[in-house]
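Let me begin by presenting the structure, written as structure tokens, before commenting on it.
Chains as they are written, first to last, in our numbering: chain A, 1 to 114; chain B, 1001 to 1113.
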């Protein structure tokens, strides 16, 4: 247990569905992150939130829409995804500020797009 | 692009020390060297980080070359649970996008009983 939980752990959706991934951290952190891990590709940073403001969007398609309502919760809203979006989606949290602050990762949501 | 170079894979025997190398010849003076690992079916976890001096913690040791162009993660006694992909990552001390975790392919460590 890292103090970062993600739900659901597995998700199968069609290309026309709308779904959301949820991340919650119980560590008192104020920065949260979404990463994507595709088969045979390195982990890719998608979004960074610091103090509930989005500070980074790494050229992620608009079919992925993040939301950070407070410092403990992070969502990734999904709509009209493509099969190539099938991947493990990982959430992480840390203390904002110094970059050497450790990031704590959740177990991920395994997404399959049919 | 990742600014570090690691071997794709390494093998170790259980209860023996493991030295995982990382080259970072273009490291800047404000880059910290971080190591994370990812066990099968889990998210990455922090292992250790350092700037110039060697570092020790309960999980591992980090040996940093004097010119900082390379480093070595040392697992003193490998266990089966240490089988994972190990990532060596440079992070700028001043944060911003250069302070983000940018993962490369890492080194896949196999541990034999």
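Cβ atoms here follow ideal geometry from the backbone N, Cα and C, with glycine treated the same way.
| Item | Value |
| --- | --- |
| C-beta neighbour in chain A for residue 1007(B), strict 8 angstroms | no |
| Stretch pair the stretch 10-21 of chain A + the stretch 71-79 of chain A: three plus CB contacts closer than 8 angstroms | yes |
| As assigned by DSSP and simplified to three states, the class of residue 1077(B) | coil |
| Whole-angstrom C-beta distance between residue 112(A) and residue 6(A), which should lie under 8 angstroms | Not quite, the Cβ-Cβ distance comes to about 16 angstroms (not below 8 angstroms), so this is no contact. |
| Residue 1027(B) vs residue 1049(B) beta-carbon contact at 8 angstroms | no |
| Residue 63(A) to residue 15(A) span [Cα, whole Å] | 11 angstroms |
| Test: residue 1017(B) CB closer than 8 angstroms to a CB of chain A | no |
| Contacts around residue 1100(B), its chain only, beta-carbon distance under 6 angstroms, and the 5 residues preceding and following it disregarded | none |
| Residue 1011(B) and residue 1079(B) closer than 8 angstroms at C-beta | no |
| Distance CB(residue 1031(B))-CB(residue 1090(B)) smaller than 8 angstroms | yes |
| Distance between residue 53(A) and residue 1006(B) (C-alpha atoms, nearest Å) | 34 angstroms |
| Sufficient close CB pairs (3 or more, under 8 angstroms) joining the stretch 1104-1111 of chain B to the stretch 1048-1068 of chain B | no |
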